[in-house]
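In the order they appear, the protein sequences are chains A and B.
Per the working numbering, residue 21 is the first one in the first sequence, and the count goes up by one each step.
Per the working numbering, residue 21 is the first one in the second sequence, and the count goes up by one each step.
Notes for the one structure printed next.
Protein chains: 2
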Amino acid sequence: MRSQDLEEMRRIPFFRSVEPGQVEAMLRGAFLQRFPAHVELIHTGEPADFLHVVVEGTVEMFSVHRDRETTLGVSGPGDSFILAAVLFDRPYLQSARALLASRILMVPADAVRQAFAADAGFARAIAENLALAYRGVIKELKNQKLRSGLERLANWLLTHDAENGSTGHFDFPFDKKVLAARLGMAPEVLSRSFAALGAYHVVVHGPSVVIQDVAALRKLAHPCSTIDGTSL
Amino acid sequence: MRSQDLEEMRRIPFFRSVEPGQVEAMLRGAFLQRFPAHVELIHTGEPADFLHVVVEGTVEMFSVHRDRETTLGVSGPGDSFILAAVLFDRPYLQSARALLASRILMVPADAVRQAFAADAGFARAIAENLALAYRGVIKELKNQKLRSGLERLANWLLTHDAENGSTGHFDFPFDKKVLAARLGMAPEVLSRSFAALGAYHVVVHGPSVVIQDVAALRKLAHPCSTIDGTSL
DNA sequence: CGCGAAGTTGATTGCTTTCAAAGGGTGTGG
DNA sequence: CCACACCCTTTGAAAGCAATCAACTTCGCG
Numbered sequence: 021m022r023s024q025d026l027e028e029m030r031r032i033p034f035f036r037s038v039e040p041g042q043v044e045a046m047l048r049g050a051f052l053q054r055f056p057a058h059v060e061l062i063h064t065g066e067p068a069d070f071l072h073v074v075v076e077g078t079v080e081m082f083s084v085h086r087d088r089e090t091t092l093g094v095s096g097p098g099d100s101f102i103l104a105a106v107l108f109d110r111p112y113l114q115s116a117r118a119l120l121a122s123r124i125l126m127v128p129a130d131a132v133r134q135a136f137a138a139d140a141g142f143a144r145a146i147a148e149n150l151a152l153a154y155r156g157v158i159k160e161l162k163n164q165k166l167r168s169g170l171e172r173l174a175n176w177l178l179t180h181d182a183e184n185g186s187t188g189h190f191d192f193p194f195d196k197k198v199l200a201a202r203l204g205m206a207p208e209v210l211s212r213s214f215a216a217l218g219a220y221h222v223v224v225h226g227p228s229v230v231i232q233d234v235a236a237l238r239k240l241a242h243p244c245s246t247i248d249g250t251s252l
Numbered sequence: 021m022r023s024q025d026l027e028e029m030r031r032i033p034f035f036r037s038v039e040p041g042q043v044e045a046m047l048r049g050a051f052l053q054r055f056p057a058h059v060e061l062i063h064t065g066e067p068a069d070f071l072h073v074v075v076e077g078t079v080e081m082f083s084v085h086r087d088r089e090t091t092l093g094v095s096g097p098g099d100s101f102i103l104a105a106v107l108f109d110r111p112y113l114q115s116a117r118a119l120l121a122s123r124i125l126m127v128p129a130d131a132v133r134q135a136f137a138a139d140a141g142f143a144r145a146i147a148e149n150l151a152l153a154y155r156g157v158i159k160e161l162k163n164q165k166l167r168s169g170l171e172r173l174a175n176w177l178l179t180h181d182a183e184n185g186s187t188g189h190f191d192f193p194f195d196k197k198v199l200a201a202r203l204g205m206a207p208e209v210l211s212r213s214f215a216a217l218g219a220y221h222v223v224v225h226g227p228s229v230v231i232q233d234v235a236a237l238r239k240l241a242h243p244c245s246t247i248d249g250t251s252l
């Protein structure tokens, strides 16, 4: 890894509360790799050899069982994934693929476990990371079990708008196909759902969305801090 | 708390790798409380004042949104719950109610956070706990999204049988109503599902189940270590 | 014996998936 | 520069799984 890259890696939030020496040790054996879109980075069931951290790009976590596939989450810059598997040397429960061309930092599992054992600050940072990840999955489970497809879409639109300045209009960051998978529905259903949102003054033209009446959409979505909040 | 109880608490797996002094400190302000069945122990959205550990009994984690309710998990003796909320002082994402009369150890959140900051061993134990909890929820999410109700039931039967010595027959540890909620289906659907399992030589009489042909049930269930395994 | 909760069974509705086909945009190769 | 292929997206129609409503049975318990 180039020293310029090393500098960049040190600034990853994940390493913030780690002793510099431990960061060095972890980065020494690490790779910073580029992956083109659609490439599978890790595969369900395989042993956890590397902790992965998204430096740039977008990664979809998914899983396949029999002839079904489902998206479990999407990771962006600064997010690590499969930390739990790496820490305790268990097989991956999820697969990951790049949605966009991405740069991924790959830290050998041994080094992570060693730093976890040696550096209490790192151990606490990992605990925090895991706690937030845990709460994220609980929210996803609630979102899935307590809401209809249309409600999930409405809330996703509100959340995404809020994350982008609440302007009421934005472009999709990925294909609608991917959004459908992320929301846990077939692409056809997403299409129909968009049509249904016309009644709530949501206008979709190709990749662009305009929310003309936030209040109306809110009323349909019933956003809730214990499901949607990114902050809690 | 009585000294006899203190002895019992020290043996909780959760405290195993914690310095005795820290355990003392945590237990000093803790309560050991009995709750009758059906009582709600914690409520979604409230601030996390206590870490709860099940000493005896069974607790259901659930959540309500609008007019829908769903079960998110069931905790038994030795399990802690809402650790993530307590650690970082966030509101509970789940509610909890006792399914059976239960004894619950309630440790003040402050004491937990203090021990987390002071004792690296405890911090690591918590990280491990959170990692396993995280993996558990991921499995639950996969179970929910990748399987039909009948498949979830079939797998639950196989898992529960395996946990009880693989004798091929057992009694339900809780009402079928609760099992239905746990599997994410209406009670009526569970009833029909049991009827459907007759074709696979599963016989249900009141609270008792007999699996007469494990192979047949397995073929329907397609158990999978990255969804069902309690060990992974 | 009768109340009440739990469980079963039937009928109906609704959300979602699946299959099928057509429209629309993009990129490549002729 | 056009033609064609390909994929995404949309729309239509049909089928399936699960929820809901309703009625009836069963069982435990006072």
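For each residue, glycine too, the CB sits at the ideal point set by N, CA and C.
Item                                                                                                                 : Value
R202(A) versus N163(A) - alpha carbon distance                                                                       : 11 Å
beta-carbon Y112(A) near the ligand MN non-hydrogen atom, thresh 7 Å                                                 : As presented, the structure is devoid of all ligands, the ligand MN included, so that no description of it is given.
G16(A) - containing alpha helix (DSSP H), residue span                                                               : For chain A, the structure presents residues 21 to 252; residue 16(A) sits outside this window and is missing.
C-beta neighbour in chain A for E39(B), strict 8 Å                                                                   : no
Buried or exposed (CB count within 10 angstroms, at least 16 for buried), T187(A)                                    : exposed
Sub-8 Å separation of V73(A) and I32(A) beta-carbons                                                                 : yes
Proximal residues to L237(A) (C-beta, below 7 Å), its chain only, five neighbours per side dropped                   : A174, L177, L178, Y220, V222 and I231
Per-residue DSSP class, three states only, for V223(A)                                                               : strand
Beta-carbon gap between V75(B) and L52(B) smaller than 8 Å                                                           : yes
Contact with chain B by F108(A), beta-carbon distance below 8 Å                                                      : yes
Neighbourhood of D139(A) by C-beta, 8 Å cutoff - its chain only, sequence neighbours within 5 removed                : V38, E39 and Q42
Closer than 8 Å to chain A by CB, I32(B)                                                                             : no
Spatial distance of P56(A) from I146(B) (CA atoms)                                                                   : 37 Å
P114(A) (DSSP reduced to helix, strand or coil)                                                                      : The sequence given here places Gln at residue 114(A); Pro does not occur at that position. Of the three classes helix, strand and coil, the one that applies to Q114(A) here is coil, per DSSP.
Within the region 59 to 114 of chain B, ranges of the alpha helix (DSSP H) (whole runs, at least 4 residues)         : 103 to 107
contact_flag[the region 84 to 93 of chain B, the region 129 to 144 of chain B] where n(CB pairs < 8 Å) is 3 or more  : no
Cβ contact (3+ pairs, closer than 8 Å) linking the region 116 to 123 of chain B and the region 123 to 131 of chain A : no
Where F190(A) sits in the DSSP three-state scheme                                                                    : strand
Residues near K196(A) by beta carbon distance below 7 Å, same chain, minus five either side                          : P207 and L210
Coarse secondary structure for I231(B), derived from DSSP in three states                                            : strand
Assigned secondary structure, R22(A) (DSSP; H/G/I helix, E/B strand, else coil)                                      : coil
Proximity test, Cβ basis, 8 Å: E148(A) and chain B                                                                   : yes
Close Cβ partners of E28(B) (< 8 Å) along its chain, the five nearest in sequence each way excluded                  : V75
Members of the region 128 to 153 of chain B near chain A, C-beta cut-off 8 Å                                         : F136, A137, A140, A143, R144, I146, A147, E148, L150, A151, L152 and A153
Minimum Cβ-Cβ distance from R88(B) to chain A less than 8 Å                                                          : yes
Chain-ordered chain A contacts of R157(B) [CB-CB under 9 Å]                                                          : First, the residue type needs correcting, since residue 157(B) is Val and not Arg in the sequence shown. Within chain A, the residues near V157(B) are Y154, V157, I158, E160 and L161.
T64(A) at chain B interface by Cβ criterion, 8 Å                                                                     : yes
Buried or exposed by the 16-neighbour rule on C-beta atoms within 10 Å, applied to G204(B)                           : buried
Partner residues on chain A for Q232(B), Cβ-Cβ distance less than 8 Å                                                : Those do not exist, as Q232(B) stays about 25 Å from chain A at its closest Cβ, beyond 8 Å.
Range covered by the alpha helix (DSSP H) that runs through R212(A)                                                  : P207 to L217
For I124(B), three-class secondary structure by DSSP                                                                 : strand
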